[in-house]
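Numbering (the numbering used here), first residue to last: 1 to 331. Cβ coordinates follow ideal geometry from the N, Cα and C atoms, glycine included.
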Ligand code: GLU
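Here you go:
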């Protein structure tokens, strides 16, 4: 019997440096794949242009290698680097967009965030702004929509959500998850680019094109997954298996960010910390090590147990990496 190879990806966005929030998720993603004989792909998700930082790709790759990560395919594996950088894959997104356009499933939208907020009676979450479909059926094409807007703005492409369509799937970490996107997001933004290059469309198109069948990522994306699944359905593709992991948060319970201080891997690396200390602390956060253990990623692989990962968010504190028995730089 032919067994299907498990294939997953590390998909960093070069919007900043690698920090404790993203490496914990990458670590579990890598361990999940390696422990099941899977193949690891490295993809660079650089479509969020205003936020991309120069030099961030090279720095992230370097930090990941220093931490002990390896991968079998994608960016950093040789000649085909460019094929695994999203900004080089515009024609692939455009073809997918064309398919959705032909099926009448996308339309250009000229509404600004402020317009949408103003039209909502109920409060909304920042993560997902419900859209009532104001621009549905308004414009024949992108250019006619654009001509109604100020010079410095362009329309977004929205995906037309079918009223009442239910999406349910089993998340490998959270379990059963059900959502009716027409009640949660309404028609959602696929991309803010004339050719369809944007996170929502690109992540689906790339995961399919690269044969990804296992996606391990932060659970901030759990509620967006039904929208990804609608895109898979619309393109006639099969979604991967999903595992959404709890995020790393600061002591205030909010997602780890600059306000919690400098949690960049590079900061600890520059200060002389060993990668095994960082990996050891992250392994401890998943229940696989004592807090003061130093472990290589390869050593953690022998202890990997998906079932012991806590369901609560991991609270990062600045003293997590402190050791009393070795000379420590002043963290
Ligand atoms: N590039 C995204 C990030 O860095 C990951 C998106 C995904 O895994 O779907 O957060």
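Residue from the options with nearest C-alpha to residue i
{"i": "residue 285", "options": "269, 294, 309 and 304", "result": "309"}
{"i": "residue 314", "options": "257, 297 and 253", "result": "253"}
{"i": "residue 168", "options": "56, 12, 44 and 225", "result": "225"}
{"i": "residue 35", "options": "61, 24 and 8", "result": "8"}
{"i": "residue 321", "options": "269, 136 and 187", "result": "269"}
{"i": "residue 192", "options": "186, 200 and 185", "result": "200"}
{"i": "residue 54", "options": "250, 15, 154 and 118", "result": "15"}
{"i": "residue 301", "options": "282, 87 and 213", "result": "282"}
{"i": "residue 104", "options": "139, 304 and 250", "result": "139"}
{"i": "residue 195", "options": "93, 303, 30 and 152", "result": "93"}
{"i": "residue 187", "options": "317, 236 and 132", "result": "132"}
{"i": "residue 304", "options": "212, 277, 287 and 170", "result": "287"}
{"i": "residue 184", "options": "262, 158 and 130", "result": "130"}
{"i": "residue 86", "options": "203, 258 and 238", "result": "203"}
{"i": "residue 213", "options": "229, 234 and 238", "result": "238"}
{"i": "residue 111", "options": "165, 236 and 158", "result": "158"}
{"i": "residue 311", "options": "211, 209 and 175", "result": "175"}
{"i": "residue 102", "options": "275, 234 and 78", "result": "234"}
{"i": "residue 99", "options": "77, 280 and 236", "result": "236"}
{"i": "residue 275", "options": "68, 31, 292 and 151", "result": "68"}
According to DSSP, residues forming a beta bridge with residue i
{"i": "residue 199", "result": "Answer by DSSP bridge pairing: none, since residue 199 is not bridged."}
{"i": "residue 178", "result": "168"}
{"i": "residue 76", "result": "According to DSSP, residue 76 bridges with nothing at all."}
{"i": "residue 7", "result": "39"}
{"i": "residue 264", "result": "19"}
{"i": "residue 214", "result": "8 and 241"}
{"i": "residue 289", "result": "Residue 289 pairs with nothing; no bridge assigned."}
{"i": "residue 315", "result": "249"}
{"i": "residue 158", "result": "107 and 189"}
{"i": "residue 44", "result": "85"}
Close-in-space but distant-in-sequence residues of the same chain around residue i (CB under 8 Å, 5 per side omitted)
{"i": "residue 39", "result": "5, 6, 7, 8, 33, 72 and 73"}
{"i": "residue 245", "result": "24, 25, 28, 173, 216, 217, 218, 219 and 309"}
{"i": "residue 70", "result": "40"}
Sequence-distant residues of its chain with Cβ nearer than 7 Å to residue i (five each side left out)
{"i": "residue 81", "result": "75"}
{"i": "residue 52", "result": "14, 15 and 46"}
{"i": "residue 205", "result": "92, 93 and 96"}
{"i": "residue 142", "result": "108, 155 and 194"}
{"i": "residue 171", "result": "177, 222, 242, 243 and 244"}
{"i": "residue 209", "result": "92"}
{"i": "residue 227", "result": "181, 185, 188 and 200"}
Interface flag, residue i vs chain C, CB-CB below 9 Å
{"i": "residue 322", "result": "Structure shown: chain C not included; a single protein chain is present."}
6 Å CB neighbourhood of residue i in its chain, flanking five on each side removed
{"i": "residue 12", "result": "60"}
{"i": "residue 21", "result": "248 and 256"}
{"i": "residue 260", "result": "250"}
{"i": "residue 89", "result": "none"}
{"i": "residue 211", "result": "7"}
{"i": "residue 3", "result": "none"}
{"i": "residue 134", "result": "111"}
Closer than 8 Å: residue i CB and nearest ligand 2 heavy atom
{"i": "residue 47", "result": "Looking at this structure, you won't find ligand 2 anywhere; what it does contain is ligand 1."}
Checklist entry - Can you list, in chain order, every residue whose CB sits closer than 5 Å to a heavy atom of ligand 1? => result 11, 13, 45, 203 and 217
Item to check | Continuous alpha helix (DSSP H) assignments of at least 4 residues falling wholly in the segment 224–254 | outcome: 225–235
Item to check | Uninterrupted beta strand (DSSP E) stretches inside the segment 79–155 (no shorter than 3 residues) | outcome: 106–109
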